[in-house]
Amino acid sequence: MSSLLRAEPAPLPFDAATTALVIIDMQRDFLEPGGFGETLGNDVGLLAAAVPPCRALLAAAREAGILVVHTREGHKPDLSDAPKAKLERGEPTARIGAPGPMGRILIRGEPGHDIVPALAPLPGEPVIDKPGKGAFYATELAAVLEARDIATLLVCGVTTEVCVHTTVREANDRGYRCAVIADACGSYIPAFHEAGLAMIKAQGGIFGWVSDSAAAIAALAAKS
Ligand code: TIU
1422 MSSLLRAEPA PLPFDAATTA LVIIDMQRDF LEPGGFGETL GNDVGLLAAA
1472 VPPCRALLAA AREAGILVVH TREGHKPDLS DAPKAKLERG EPTARIGAPG
1522 PMGRILIRGE PGHDIVPALA PLPGEPVIDK PGKGAFYATE LAAVLEARDI
1572 ATLLVCGVTT EVCVHTTVRE ANDRGYRCAV IADACGSYIP AFHEAGLAMI
1622 KAQGGIFGWV SDSAAAIAAL AAKS
C-alpha cells in the first residue's frame, strides 16, 4: 500500500513496510559542549533546533511501526579503525581519542559518543557504529536494510552537509530513495545546511528529495 510524502522537487510515493527512518549521529559529541563538534571550533548550540523535530519524527516512526535505525560516528578505543589522515586534523590536545569533559573524543563507549537522551534508541532498534562520515562505509547498514527489503529512507540528523549528505549520496548510489527531513537536520554552518538541501533536490532531485518533519509525520500517520 502506497503513501505520499510531500517533498521537493516532487511528492515521493512510499510504502511504510519498506521505509526506514535513519537518524544520523545525534550524539553528545556533536550536540553538547566539550565534544568533537566543539573541538573543531563550532558553536554546538546551532544543532539544538534539530532535536525537537527529530524527536517528533522518531515518535511518529515508532507509532507507524517502521524500521528505525540510529547511527553513531566514532572509533574503537585503540583507534585501529581511524585513518591517520582523519586523526591528524585539529588541535593535538583536542583530536579524536584525546580526553575531554565527556570522555575520549569520538570514541565508542565514552559518554560523548552516546546518542542524546531525547533521542535514545529503544531496545531492538539497530544502532550502526560507523568510522566514517557515510553510514554505509565499513558498517552493517546495507545488510540491515536488505534484510527488511527497505527501499525508501527518511533521513535526518547532523550535520546536513557532512554525515547526512555523505550517507544520502551512498544510499542513492545503492538504489534507495532518500527523503531528507530538512528541519530535523542541522549544521554548524547554516549556509551549508541550506546549500546542502538545495543540492539534493536540484536538477529534478539529482540524488534525493527534501521534505520536513510535519509532512513526514502526516504521511506516516496516514499510512494504510
Ligand atoms: N556526523 C557528522 O556530520 N560528522 C562531522 O564531523 N560533522 C561535521 O560537520 N564536522
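Its first residue numbered 1422, the sequence shown is counted upward by one per residue in this note's numbering.
C-beta: ideal position from N, C-alpha, C; glycine also.
What you are looking at is a predicted structure, and each value in this text was computed from that prediction instead of being measured.
Buried versus exposed, by CB contacts within 10 Å (16 or more), residue i
i: glycine 1458; result: buried
i: threonine 1514; result: exposed
i: leucine 1425; result: exposed
i: aspartate 1594; result: exposed
i: serine 1501; result: exposed
i: valine 1548; result: exposed
i: serine 1423; result: exposed
i: alanine 1636; result: buried
i: tyrosine 1597; result: buried
i: isoleucine 1578; result: Checking the sequence, you will find glycine at residue 1578 rather than isoleucine. Glycine 1578 comes out buried.
i: proline 1474; result: buried
i: glutamate 1512; result: exposed
i: glycine 1629; result: buried
Beta-carbon separation (whole angstroms), residue i vs residue j, contact threshold 8 Å
i: leucine 1543; j: alanine 1482; result: Wrong, their Cβ atoms sit about 11 Å apart, outside the cutoff.
i: isoleucine 1621; j: valine 1589; result: 6 Å
i: alanine 1477; j: serine 1632; result: 14 Å between Cβ atoms; not a contact.
i: aspartate 1499; j: arginine 1529; result: Aspartate 1499 to arginine 1529, Cβ: 11 Å. No contact.
i: aspartate 1570; j: threonine 1439; result: 5 Å
i: alanine 1503; j: isoleucine 1517; result: 6 Å
Cβ-heavy atom distance, residue i to the ligand GDP, below 8 Å
i: valine 1583; result: Absence of the ligand GDP from the depicted structure is noted, with the ligand TIU being the only ligands included.
Quiz prompt | Distance cut 5 Å, beta-carbon to the ligand TIU heavy atom: residue list by chain order | solution = Having a Cβ closer than 5 Å to some heavy atom of the ligand TIU are Asp1446, Glu1494, Thr1580, Val1583, Cys1584.
Self-check item: Contact the stretch 1464-1476 vs the stretch 1503-1516: 3+ CB pairs below 8 Å
Solution: no
Practice problem: Count the C-beta pairs between the stretch 1532-1539 and the stretch 1440-1460 that are closer than 8 Å, then say yes if the count reaches three, no if not. | Solution: With contact defined as three or more Cβ pairs closer than 8 Å, the stretch 1532-1539 and the stretch 1440-1460 are in contact.
Quiz prompt | Contact between the stretch 1608-1624 and the stretch 1569-1587 (3+ Cβ pairs under 8 Å) | solution = yes
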